[in-house]
Structures are given as C-alpha cells and as structure tokens.
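Notes to accompany the following structure.
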Amino acid sequence: MAERVHDLVIDDEYIHSLMQTGPVEADGIRNILDRAARGEGLGLDEAAALLNVSGEPCLDMIYSTAREIKEKAFGKRIGLFAPLYVSNRCINNCLYCGFRRDNQQADRRTLSIPEIAQQAAFLYGKGHRRLLLVAGEDPSASSVEYLTAAVEAVYRETGIRIVHVNAAPMTVEDFSRLKASGAGVYQCFQETYHRKTYERMHPSGLKHDYHKRLSAMDRAMEGGFEDVGMGALLGLYDYRFEVLSLIAHARYLEEHYGAGPHTIAVPRLMPAEGAALIQAPFPVSDRDFRKIVAVYRIAVPYAGVVVSTRESADLRDQVIHLGASQISAGSRTDIGGYTHPDQGGGTSQFSLNDTRSLEEVVRSVLGAGLLPSLCTACYRAGRTGERFRTKAGKGEIRDFCLTHALSSLTEYLREHAGSATQKQFEISNLKFEIKQKGGDENSCQW
Numbered sequence: 049m050a051e052r053v054h055d056l057v058i059d060d061e062y063i064h065s066l067m068q069t070g071p072v073e074a075d076g077i078r079n080i081l082d083r084a085a086r087g088e089g090l091g092l093d094e095a096a097a098l099l100n101v102s103g104e105p106c107l108d109m110i111y112s113t114a115r116e117i118k119e120k121a122f123g124k125r126i127g128l129f130a131p132l133y134v135s136n137r138c139i140n141n142c143l144y145c146g147f148r149r150d151n152q153q154a155d156r157r158t159l160s161i162p163e164i165a166q167q168a169a170f171l172y173g174k175g176h177r178r179l180l181l182v183a184g185e186d187p188s189a190s191s192v193e194y195l196t197a198a199v200e201a202v203y204r205e206t207g208i209r210i211v212h213v214n215a216a217p218m219t220v221e222d223f224s225r226l227k228a229s230g231a232g233v234y235q236c237f238q239e240t241y242h243r244k245t246y247e248r249m250h251p252s253g254l255k256h257d258y259h260k261r262l263s264a265m266d267r268a269m270e271g272g273f274e275d276v277g278m279g280a281l282l283g284l285y286d287y288r289f290e291v292l293s294l295i296a297h298a299r300y301l302e303e304h305y306g307a308g309p310h311t312i313a314v315p316r317l318m319p320a321e322g323a324a325l326i327q328a329p330f331p332v333s334d335r336d337f338r339k340i341v342a343v344y345r346i347a348v349p350y351a352g353v354v355v356s357t358r359e360s361a362d363l364r365d366q367v368i369h370l371g372a373s374q375i376s377a378g379s380r381t382d383i384g385g386y387t388h389p390d391q392g393g394g395t396s397q398f399s400l401n402d403t404r405s406l407e408e409v410v411r412s413v414l415g416a417g418l419l420p421s422l423c424t425a426c427y428r429a430g431r432t433g434e435r436f437r438t439k440a441g442k443g444e445i446r447d448f449c450l451t452h453a454l455s456s457l458t459e460y461l462r463e464h465a466g467s468a469t470q471k472q473f474e475i476s477n478l479k480f481e482i483k484q485k486g487g488d489e490n491s492c493q494w
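Right, here's the structure in full:
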C-alpha cells in the first residue's frame with residue numbers, strides 16, 4: 049500500500065520538469081493569481097510558475113494575493129499555540145536532529161504523565177489554550193498508550209481546550225486509539241519528499257522507510273483523524289521540489305479523503321546540538337522563505353500555514369502579512385523546559401530564534417493590525433476535515449473566527465495580560481473596521 053501511495057502522490061519526473069521551466073511573464077503571473085484569488089488553489093504548473101518568480105514586482109503580486117486569500121478564509125486572525133515536548137528518546141538517526149540516536153551528548157528525558165500535566169498547567173497559566181504534544185520515536189518511551197494517557201491527563205488536569213499530537217507514524221488501530229483520547233490534529237512531517245535525499249538523511253531506524261512515512265496520513269485519516277498536519281523541512285533538498293510535492297500530497301488527500309491538510313508547517317533547517325548535519329545542503333534564504341509561505345497559502349487556501357519559533361521575530365512579523373495564519377509563541381523545545389528553564393531539561397530538537405513570550409507575541413500581532421487568537425471553537429464544534437475545508441472556501445470560517453477569536457482575546461486580556469498589552473489592544477482596536485449588525489455586540493466585521 050505504501051509504495052502505491054507514492055506512485056499516486058509524487059511524480060518525480062514531472063515535478064523536476066516543472067522546476068526547469070523558464071520564468072513566466074508578468075501578465076502570465078497576473079492571470080494565475082487572478083484565478084487563484086477565487087480560492088480555488090493552484091495546479092502544480094501554476095505553483096511552479098510562482099516558485100520560479102524572482103523579480104520584485106511579481107513577488108509583490110504574489111504577496112498581495114496571498115494576503116487577500118488568507119483574509120477571505122480566516123479574516124485578520126492569527127492563531128497562537130505552544131509546543132509541549134514530552135520525550136527526546138529516539139531510535140532514529142536523522143542527521144539534522146538533536147534527538148538522533150547517535151547523539152552521545154544528548155540528555156535523554158521522558159516526562160511522566162503528571163509532569164506533562166504540570167507543563168500543560170504552566171502553559172495554561174500563561175494564557176495558552178492550544179497545545180501540540182511532540183515526542184521522539186521510541187516505542188518503549190512514547191507508545192500510543194503513553195500518548196493517549198498524556199492527552200487525557202492534559203484535558204483532565206488543566207484548562208487546555210485542544211491537544212494536537214506530533215508523533216511517529218502508527219498503525220490504523222493505534223491512530224484510532226489516539227483519536228479516541230481526544231487528540232485534535234495529527235501532525236507528521238515528511239521532512240523531504242525526495243527519496244534519495246530522504247534515505248541519506250535517515251540512515252537507520254524506523255524512519256528510514258520513506259514509503260511508510262509518506263503513507264502515514266492515509267493511516268491517520270483511516271483511523272479517524274479528519275485533520276492532519278503536514279510539512280517539509282526546508283534546506284534538505286531544492287525547496288521547489290519540496291513545495292510542489294507537498295501540494296501534490298495535499299491534492300491526493302483531497303481526492304481520497306475529501307479533506308487535505310488542516311495545517312501546513314513551514315520549518316526551515318536550523319542548527320541542533322549533536323546533529324551530524326551542520327549546514328543545510330540547500331539553504332533557503334529569507335526571501336525565498338517568504339515566497340514559500342505565500343505560495344502555500346495560495347495553493348492550499350483552506351489550510352493553516354504555520355511558522356514556528358525556528359524563525360526570527362522579525363521574519364515571523366513579516367510572514368503574518370504574507371499568508372501565515374498560525375504561529376507558536378513562548379516556545380521551549382527541551383523536555384520539561386517550561387517549568388525548569390534553567391535546569392537543562394533535556395537536549396532540544398533544534399535552536400530557537402524567536403524567544404518572545406506569549407504576551408510579547410500577542411502585543412506584536414495587535415501592533416500589526418491583526419487579531420491574535422487563542423480560540424479552539426472549530427475543533428469542539430465539529431468544524432473539521434471536509435466540513436472545515438468547505439466552510440473556509442466559502443469564507444464562513446472567517447465569520448466564525450471573528451466572534452470566537454475576539455472572545456478568546458478578551459479572556460486572555462482579562463486574565464493574563466499586563467497593562468502594556470491592554471494599552472496596545474486599545475490602540476490597535478482603532479485600526480479595525482467594526483460594523484455592528486443588528487445591535488449585537490458579538491457580531492462584528494474585522
């Protein structure tokens with residue numbers, strides 16, 4: 049089954065041929081963007097044409113369209129979340145990762161279930177309501193029993209409202225068990241869609257099997273996950289191949305399961321303590337990174353485009369105007385690092401470049417004229433999978449987002465924010481066009 053998935057998803061020869069096509073004239077780019085502005089996504093040939101753009105005038109058109117599409121789907125809201133790393137024990141040997149098996153410098157830790165609840169409670173106390181549990185791949189340390197117990201404990205012991213999971217691929221049966229625990233999105237990055245590069249970067253361990261990883265989304269969806277999160281690690285191979293392959297993967301999921309990725313993460317290779325790979329084989333510049341974010345938004349308009357704290361504060365402040373709709377905030381990637389930040393809570397997976405707290409990020413998003421959101425209503429209201437995709441395409445999610453994002457922000461400001469953030473909200477609030485509907489104060493247009 050796994051090899052068949054590859055044949056259905058990735059046409060290596062075709063994608064490489066698209067990468068070799070010459071630049072498209074400005075009128076051609078404009079025509080592509082005019083069609084895409086209707087929210088219909090992009091064909092691979094159209095996405096390739098945008099990725100091959102280098103001139104500033106055409107890049108500006110791409111950015112403008114990405115911003116327009118994002119606002120049609122989600123309005124001005126920017127979703128905020130935090131990762132919670134629960135174990136860095138791993139049997140794989142990924143050359144770029146600090147968790148790799150052969151990293152003799154690694155301080156290995158696996159949090160107990162009470163410790164996970166303690167970390168989650170700390171994040172709740174800072175104002176977070178949405179968490180992403182992350183674990184290395186070690187069946188003895190992060191089994192499905194451990195992960196389900198972790199999800200259940202976070203819900204039981206804290207006020208966290210949704211828990212997503214980034215963990216190793218599983219069987220359909222184990223995915224069903226994980227979903228039954230209340231997990232929201234299952235996230236798994238292919239890392240690289242280029243098979244030879246994949247095999248070289250993952251020389252041993254369960255992750256060495258390219259086809260098994262590629263088919264993880266099939267098993268997750270067959271196991272009951274309507275929402276999945278995807279990503280390619282930029283820097284391992286030519287970014288154009290990775291982006292086009294991920295878009296092809298999204299189309300495959302749409303055709304076979306009625307829904308593509310709920311989120312598309314845009315991770316870029318960063319240094320990691322003890323990693324064998326010191327430099328990216330195919331470095332991605334900030335300029336290309338901005339273009340990639342915009343192309344993902346245009347190509348898969350209903351997906352949440354996620355940029356983590358791998359990137360600098362300055363770059364993240366830019367991409368929230370170029371199609372990104374979710375960012376992490378106040379993140380730690382070491383184990384137990386939230387409650388014991390000075391005690392070396394286990395080796396980190398990678399280095400961080402944006403160390404701002406959640407409150408600092410909220411203040412920055414407000415200052416940008418956007419709406420920071422800690423809302424989790426869609427998951428709890430069943431707006432997931434194909435239903436979410438359809439409603440996002442019609443602009444209905446934008447309307448839902450408005451009321452609930454405002455409610456979540458009001459809660460945050462009341463319970464967690466300091467005076468500087470309160471003041472920034474009062475100033476930024478003047479930047480929004482608010483139109484009351486029928487005198488209902490909860491019904492506004494942002």
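Just so we're aligned: 162 in my numbering is position 114 of the sequence shown, and the numbers increase by one with no gaps anywhere. The beta-carbon is built from N, C-alpha and C at its ideal position, and this holds for glycine as well. Treat the numbers as computed from the prediction; the structure is a model and nothing was measured.
Nearest-angstrom beta carbon gap, residue j and residue i [assumed within contact, 8 Å]
i: residue 332; j: residue 345; result: The Cβ separation is near 17 Å, so there is no contact.
i: residue 275; j: residue 232; result: 6 Å
i: residue 387; j: residue 167; result: 6 Å
i: residue 325; j: residue 126; result: Rounded, the Cβ-Cβ distance is 31 Å, inconsistent with contact.
i: residue 347; j: residue 95; result: 5 Å
i: residue 254; j: residue 193; result: In fact, because the Cβ distance is near 18 Å, the residues do not count as touching under 8 Å.
i: residue 293; j: residue 58; result: 5 Å
i: residue 323; j: residue 145; result: 6 Å
i: residue 199; j: residue 220; result: Actually they are not in contact, since the Cβ atoms of residue 199 and residue 220 sit about 18 Å apart, beyond 8 Å.
i: residue 460; j: residue 173; result: The Cβ separation is near 12 Å, so there is no contact.
i: residue 356; j: residue 122; result: So it is not a contact: roughly 18 Å between Cβ atoms.
i: residue 92; j: residue 312; result: At roughly 15 Å, the Cβ-Cβ gap does not stay under 8 Å, so residue 92 and residue 312 are not in contact.
i: residue 329; j: residue 441; result: The pair is not a contact, with the Cβ atoms about 37 Å apart (cut-off 8 Å).
Residues sharing a beta bridge with residue i, DSSP
i: residue 420; result: 126
i: residue 386; result: Its beta-bridge partners do not exist; DSSP assigns none.
i: residue 135; result: 158 and 183
i: residue 212; result: 180
i: residue 239; result: 280
i: residue 234; result: 213 and 276
i: residue 313; result: 279 and 354
i: residue 375; result: 128 and 355
Spatially closest choice to residue i from the options, by CA coordinates
i: residue 128; options: 428, 189 and 410; result: 410
i: residue 452; options: 423, 97 and 408; result: 423
i: residue 244; options: 254, 235 and 258; result: 258
i: residue 425; options: 349, 454, 343 and 472; result: 454
i: residue 204; options: 218, 460 and 230; result: 230
i: residue 360; options: 148, 220, 404 and 469; result: 404
i: residue 147; options: 114, 182 and 282; result: 182
i: residue 363; options: 384, 350, 385 and 340; result: 340
i: residue 289; options: 206, 435, 65 and 87; result: 65
i: residue 402; options: 112, 445, 413 and 378; result: 378
i: residue 124; options: 433, 406, 352 and 427; result: 352
i: residue 242; options: 284, 216, 218 and 213; result: 284
i: residue 437; options: 282, 302 and 78; result: 302
i: residue 170; options: 143, 208 and 151; result: 208
i: residue 99; options: 206, 141 and 287; result: 287
i: residue 279; options: 83, 234 and 319; result: 234
i: residue 415; options: 469, 248 and 406; result: 469
i: residue 217; options: 236, 375 and 210; result: 236
i: residue 114; options: 131, 78 and 53; result: 78
i: residue 163; options: 70, 472 and 385; result: 385
i: residue 131; options: 408, 383, 90 and 68; result: 383
i: residue 80; options: 343, 215, 246 and 60; result: 343
i: residue 103; options: 319, 118, 73 and 90; result: 73
i: residue 473; options: 141, 260, 407 and 69; result: 407
i: residue 55; options: 263, 475 and 139; result: 263
i: residue 120; options: 439, 466, 471 and 456; result: 439
Residue i: CB within 7 Å of a non-hydrogen atom of the ligand FMN
i: residue 304; result: Because no ligand of any kind appears in the structure shown, any question about the ligand FMN cannot be addressed here.
Would you list, in sequence order, the uninterrupted alpha helix (DSSP H) runs of no fewer than 4 residues that lie entirely inside the stretch 241 to 285? For the stretch 241 to 285, whole alpha helix (DSSP H) runs of length 4 or above, ordered along the chain, are 243 to 249, 258 to 262 and 264 to 270.
Is the stretch 219 to 228 in contact with the stretch 260 to 277, if contact means three or more CB pairs nearer than 8 Å? As far as the Cβ criterion goes, the stretch 219 to 228 touches the stretch 260 to 277, which means the pair count is three or higher.
Cβ pair count under 8 Å reaching 3, the stretch 96 to 108 against the stretch 156 to 163: With the rule of 3 Cβ pairs closer than 8 Å, the stretch 96 to 108 does not count as touching the stretch 156 to 163.
Mind the definition here: the stretch 135 to 151 touches the stretch 184 to 195 only if three or more C-beta pairs lie below 8 Å; say whether that holds. With the cut-off at 8 Å, the stretch 135 to 151 and the stretch 184 to 195 touch.
Could I get the ranges of all uninterrupted beta strand (DSSP E) runs contained in the stretch 424 to 453, with 3 residues as the minimum, in chain order? List check, beta strand (DSSP E) in window: nothing returned.
Threshold first: 4 residues or longer. Then list the alpha helix (DSSP H) segments lying entirely within the stretch 57 to 110, N to C. As far as the stretch 57 to 110 is concerned, its whole alpha helix (DSSP H) runs of at least 4 residues are 60 to 67, 74 to 83 and 92 to 99.
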